[in-house]
Amino acid sequence: KVLEKGWVDSHSIHIFDTLLHMGGVYWFCNNLVKELLKETRKEHAMRAVELLYSIFCLDMQQLTLTLLGHILPNLLTDSSKWHMLMDPPGKALAKLSVWCASSSYSSHNKGQVSPWQRKRHREDIEDYISLFPLDDTQPSKLMRL
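In terms of our numbering, the sequence shown opens at residue 24 and continues consecutively.
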C-alpha cells in the first residue's frame, strides 16, 4: 500500500513500528528487502529505496547492521539468489545499503554527546537517589525524581 501511494503516512509508520517490535529486526528487514527485490522497473525500485530508507529510520542502526551483516551476505553467498540482484533491484539494494551505512555512521559519530547533553536513564536516577536519600530539606526538583 505504501509503495502504491509513494509516501509513508503516520498510520503506516505506527504499523511498521509495531511489526518491527513484534517480528524482530531480522524478520522486518528481510521482508522489506524482499519487497524491494520484487521491483522490476527502475522508477519503482528507486521510489521503494526512498520509502524503505524512511521506514529504516524507525531503528536505523539496528536495521543497517542486520542488512549489512546478515541479509546482504545471505544474498551474495547464495548463487540461487543472484538473479534477484540484477539491475534495477540490485542497484536499488546497493543504494539503500550505502544510504543506511552512511546515515548510521554519521549518526553514531554525532551520538558522542557530552555528559551534559545526554538523557538520564532510569538506572542513573535510581543510583542517584540511593546515594543521596531524599528528605524535606532538599530542593523540590530532587524530591520529584
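Here a beta-carbon is modelled for each residue, glycine too, at the ideal position from N, C-alpha and C. Nothing here was measured: the structure is a model prediction, and the numbers come from that model.
Run of the alpha helix (DSSP H) containing residue i, from where it starts to where it stops
i, result
"I78", "65-79"
"P111", "Where P111 is concerned, there is no enclosing alpha helix (DSSP H), given that its DSSP letter is neither H nor E."
"L95", "95-100"
Member of the options whose CA lies at the smallest distance from the CA of residue i
i, options, result
"A124", "P111, K104, G46, D82", "D82"
"K61", "N97, A117, G113", "G113"
"P111", "Q84, V72, T100, L99", "V72"
"H37", "G29, A68, M69, C80", "C80"
"S130", "E66, Q85, L90", "Q85"
Coil, strand or helix - residue i by DSSP
i, result
"D40", "helix"
"E62", "coil"
"G29", "coil"
"S137", "Below a pLDDT of 50, predicted positions are generally treated as unreliable, and S137, at 47, falls in that range; the measurement from the model is reported next regardless. Residue state, collapsed to three classes: coil."
"G92", "helix"
"G47", "coil"
Cβ-heavy atom distance, residue i to the ligand NAP, below 8 Å
i, result
"E62", "The model depicted lacks the ligand NAP and carries no ligand whatsoever."
Residue i classed as buried or exposed, judged by whether at least 16 other C-beta atoms fall within 10 angstroms
i, result
"S103", "exposed"
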